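Chemist: In this note's numbering, the protein residues as written are 2 to 398. Built from N, CA and C at the ideal position, the CB exists for glycine as well. Just so we're clear, the structure is a prediction, and the values are computed from it rather than from any experiment. Below you'll find the structure I mean.
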Amino acid sequence: MTDFAATKSLFHIPEGVIYLDGNSLGVLPKTAENRAKEMIEQEWGEMLIRGWNDAKWMEQPERVGNLVARLIGAAPGTVVMGDTLSIKVYQALASALEMRPDRKVIVSDNGNFPTDLYMADGLIKSLDRGHVLKTPNPEDVESLINEDLAVLMLTQVDYRTGRMHDMKRLTDLAHAAGALVIWDLAHSAGAVPVDLAGCNADFAVGCTYKYLNGGPGAPAFIYVRPDHAKVARPALSGWLGHAAPFAFDPDYTPAPDVSRMRVGTPPVIQMTVLEEAMKAWDGVDMADIRKRSIELCEQFIAGVEANCPMLELASPRNPQERGSQVSFKFDQGYAVMQALIARGVIGDFRAPDVIRFGFTPLYIDEGDVDGAVKILAEIMETRAWDKPEFHKRNAVT
Numbered sequence: 002m003t004d005f006a007a008t009k010s011l012f013h014i015p016e017g018v019i020y021l022d023g024n025s026l027g028v029l030p031k032t033a034e035n036r037a038k039e040m041i042e043q044e045w046g047e048m049l050i051r052g053w054n055d056a057k058w059m060e061q062p063e064r065v066g067n068l069v070a071r072l073i074g075a076a077p078g079t080v081v082m083g084d085t086l087s088i089k090v091y092q093a094l095a096s097a098l099e100m101r102p103d104r105k106v107i108v109s110d111n112g113n114f115p116t117d118l119y120m121a122d123g124l125i126k127s128l129d130r131g132h133v134l135k136t137p138n139p140e141d142v143e144s145l146i147n148e149d150l151a152v153l154m155l156t157q158v159d160y161r162t163g164r165m166h167d168m169k170r171l172t173d174l175a176h177a178a179g180a181l182v183i184w185d186l187a188h189s190a191g192a193v194p195v196d197l198a199g200c201n202a203d204f205a206v207g208c209t210y211k212y213l214n215g216g217p218g219a220p221a222f223i224y225v226r227p228d229h230a231k232v233a234r235p236a237l238s239g240w241l242g243h244a245a246p247f248a249f250d251p252d253y254t255p256a257p258d259v260s261r262m263r264v265g266t267p268p269v270i271q272m273t274v275l276e277e278a279m280k281a282w283d284g285v286d287m288a289d290i291r292k293r294s295i296e297l298c299e300q301f302i303a304g305v306e307a308n309c310p311m312l313e314l315a316s317p318r319n320p321q322e323r324g325s326q327v328s329f330k331f332d333q334g335y336a337v338m339q340a341l342i343a344r345g346v347i348g349d350f351r352a353p354d355v356i357r358f359g360f361t362p363l364y365i366d367e368g369d370v371d372g373a374v375k376i377l378a379e380i381m382e383t384r385a386w387d388k389p390e391f392h393k394r395n396a397v398t
């Protein structure tokens, strides 16, 4: 069994804070600061440009990609790091659409994270070839899987409610209809067991600053099924996706594997922090993560519903249909969250009325859950949230 007391000791949690927002930004690994300092001083400072070879910066996107691959059920050599999640969504969708030239329909859902939908809309307008994006309710996605479908593009775990799509079932249905599937794993990687290879997924993308604790701005990843990686044309043909970048050939020849999805120079300092953060996953079993996550979420739901009847559960009640977060609705949810943060319980708010709480077993335990429930109950009972300072909206909610 995974030793969660040992993993919790690897992270810095500020004194007096119960941190339930790891589904938005993970906490700082204790060794990350020294590793970043070492990289800056010894690698950048002393090696200078030689670091690309001597410190193996150039291989870092593939090396770290293999660390992520283990947590998402992907084979070594099928995941590469770099750029932002929005860029990776664009790359995956552009490649998939080109692989289905006679089909014009993209299906997502109206609970998908907006950037995925924005990137799809922008790509459709740029291509100007008659593609359409359909966004039904999440539970109605299956009804739109048919012979017209080119690409099914879904986020596995809904960012607002934590509702989880059945990856295997939907991928199989899409493939039976002749379509390709892209999975956004932003709220899945490091949170729930994922089996991309077992599900025969075509493409997957995700970020690393949430459950993987890579820090703000940590690079995204992209997975391409091995047989597709040899034929999928990168829409963004960056020089580091070239088969021979330092040949400086004026004509683009893509790398023969997932490395063709590299674009530009990798963010070495940020990726070094992420690589250090991934050490916390050594010896961690995702089945153990899932079991503990469900236990913590169930404990939290029971506590909140027993003590805060004015809050409405927005997440699926069945834990098998839920990721590693719990959301409640309240018409003054923003003010409630600000009052919680003022008391040291950090979650976040999503418009119009959702308060979200992420459960990250690497560093959250039963005592944290009980403490959060107690403070939330006090805030709701005394209406402590109803103060002017808690109603003032910040830029980031």
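#1: Expressed to the nearest angstrom, what Euclidean distance is found between the alpha-carbon atoms of His331 and Met311?
#2: Do Ser96 and Met120 have their C-beta atoms closer together than 8 Å?
#3: What residue does the alpha helix (DSSP H) around Tyr364 start on, and which one ends it?
#4: Whose C-beta lies closer than 6 Å to the C-beta of Val90 among residues of the same chain, with five residues either side of it excluded?
#5: Have a look at Glu140 and Lys57 and give me their C-alpha separation to the nearest angstrom.
#6: Starting from the Cα of Cys309, find the closest Cα among Gly359, Ile295, Gly334, Pro30 and give me that residue.
#7: To the nearest angstrom, how far is it from the Cα of Gln321 to the Cα of Asp55?
#8: Considering only residues of the segment 205-240, which uninterrupted beta strand (DSSP E) runs meet the minimum length of 3 residues and lie entirely inside it, listed in chain order?
#9: Using only the alpha-carbon positions, how far apart do Tyr364 and Glu148 sit?
#10: Who are the Cβ neighbours of Ala190 in its own chain at under 7 Å, not counting the five residues just before and after it?
#11: Please report the Cβ distance between Ala93 and Phe204, rounded to the nearest whole angstrom; I am assuming they are in contact, meaning their Cβ atoms lie under 8 Å.
#12: Within the same chain, show all residues whose beta-carbon is closer than 6 Å to that of Glu143, passing over the 5 residues directly before and after it, in chain order.
#13: Given a cut-off of 8 Å, decide if Val259 and Val370 are closer than it, judged by their beta-carbon atoms.
#14: Could you tell me whether the segment 338-347 touches the segment 370-384, where touching means 3 or more Cβ pairs closer than 8 Å?
#15: With contact counted as at least three CB pairs below 8 Å, one residue from each stretch, are the segment 247-261 and the segment 26-35 in contact?
#16: In terms of alpha-carbon separation, which member of Lys105, Gly78, Leu124, Val158 lies closest to Gly112?
#17: Let me check one thing: in DSSP terms, what residues is Gln326 bridge-paired to?
#18: With DSSP collapsed to three states, give me the class of His392.
#19: How is Val195 classed by DSSP in three states: helix, strand or coil?
#20: Quick one: is Val232 buried, meaning 16 or more other Cβ sit within 10 Å of its Cβ, or exposed?
Modeler: Considering the structure as presented:
#1: One point to set straight first is that residue 331 is Phe, not His, in the sequence displayed. Approximately 7 Å, taken between the alpha carbons.
#2: no
#3: It is not in any alpha helix (DSSP H) - Tyr364 carries neither H nor E in the DSSP assignment.
#4: Asp117, Met120, Val206
#5: 46 Å
#6: Closest in C-alpha terms to Cys309, from the list Gly359, Ile295, Gly334, Pro30, comes Gly334.
#7: 46 Å
#8: 222-225
#9: 45 Å
#10: Val69, Leu72, Ile73, Gly207, Tyr212, Leu213
#11: 4 Å
#12: none
#13: no
#14: Because the criterion of three Cβ pairs below 8 Å is met, the segment 338-347 and the segment 370-384 touch.
#15: No, because fewer than three Cβ pairs between the segment 247-261 and the segment 26-35 fall closer than 8 Å, the two stretches do not touch.
#16: Val158
#17: DSSP lists Gly359 as partners of Gln326.
#18: helix
#19: coil
#20: exposed
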